[in-house]
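Just so you know, the protein sequences line up as chains A and B, in that order. Be aware that the first sequence starts at 43, since it is given in our numbering, and climbs by one per residue. Be aware that the second sequence starts at 33, since it is given in our numbering, and climbs by one per residue. The next block holds one structure in the form of structure tokens; read it before the comments.
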Amino acid sequence: FSDPASNLGLEDIIRKALMGNLEDRQE
Amino acid sequence: GAKVLACPLNSCPVAPASRSSQEVWESFSQCFTPAVKEVVEFAKSIPGFQTLSQHDQVMLLKSGTFQVLMVRFCSLFDPKERTVTFLNGQTYSLGSLRALGMGSLLDSMFDFSEKLGSLGLEPDEMALFMAVVLVSADRSGIVEVGAVEQLQENLIKALRSLITSRRPDDSTLFPKLLLRLPDLRTLNNQHSDKLLAFRIDP
């Protein structure tokens, strides 16, 4: 539990939002 | 037995005891996810942010998202009336929020909102300040520290330039604004403790 952001699912949301951007740019 | 997650982003801050902690958390997650996505979109609009490595972008967002949201939603806190308006439209008094378990974190949030609000920033100044907040986040886990420092320096210069050009007679505003950064770090730590307490001891 030393990394709240990871445990709260925040990191997943951030990664997906950033990756969505990469996909948009590729299109 | 009711489960409480008294965050202004939570549309259902008090859940019935019959709901499991997992259900309460998933419902809350649906409330904060759009706000987090907006912070990511905001970060992407910061000139230079997308030139950082993706790893460092994630690290800054992980440690800075709450702080950006705190600045963005400052206006939900009314220090005069001592109330907080949640995103569900409901306004809660300080007393009722204390009863829901928001103690020192709430006091710190009111204090911060009052100090930031008193500076009377314009929307573009506030946006630039949020950019500075994001790149000033905790550096743990950052690989290309130099690139982040350079971006931070550029953003701070831009913020200083904007503020001093608009208010040439007020030399105190910019330093006052920078003093809010450590306040946000402290708030971030208090907030993390609160969330962890819910996750560990729901």
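Ideal Cβ positions, reconstructed from N, Cα and C, are used throughout, including at glycine.
is_contact[residue i, chain A] using C-beta, thresh 8 Å
i	result
B:Thr5	Residue 5 of chain B is absent from the structure shown; chain B starts at 33 and stops at 234.
B:Lys35	no
B:Ser61	yes
B:Met72	In the sequence on display, residue 72 of chain B carries Val and not Met. Cβ-Cβ to chain A under 8 Å: yes for B:Val72.
B:Val90	yes
B:Leu41	no
B:Thr204	no
B:Gln182	no
B:Thr65	yes
B:Leu93	yes
B:Val68	yes
B:Thr97	yes
B:Gln86	yes
Supposed contact pair residue j and residue i - C-beta distance, whole angstroms, cut 8 Å
i	j	result
B:Cys44	B:Ser59	6 Å
B:Leu148	B:Val103	7 Å
B:Val71	A:Leu60	Contact flag wrong, Cβ pair sits at about 11 Å.
Beta-bridge partners of residue i, as assigned by DSSP
i	result
B:Val116	B:Phe109 and B:Tyr124
A:Lys58	A:Lys58 is not bridged to any residue.
B:Val36	B:Val46
Cβ neighbours of residue i in the same chain (closer than 7 Å, five flanking residues each side left out)
i	result
B:Leu137	Gln222, His223 and Lys226
B:Val167	Leu92, Val180, Leu183, Gln184 and Leu187
B:Cys106	Ser145, Leu148 and Gly149
Same chain, Cβ closer than 6 Å to residue i, five either side skipped, listed in chain order
i	result
B:Gly80	Leu183
A:Gly51	none
Chain-order list of residues whose beta-carbon lies under 8 Å from that of residue i (same chain, five-residue window excluded)
i	result
B:Asp156	Leu194
Taking only runs that begin and end inside the region 38–77 of chain B, name each unbroken alpha helix (DSSP H) of 4 or more residues, in chain order. 53–76
Output the residue ranges of the alpha helix (DSSP H) runs that lie fully inside the region 154–214 of chain B and measure 4 residues or longer, sorted by chain position. 155–167, 177–198 and 205–210
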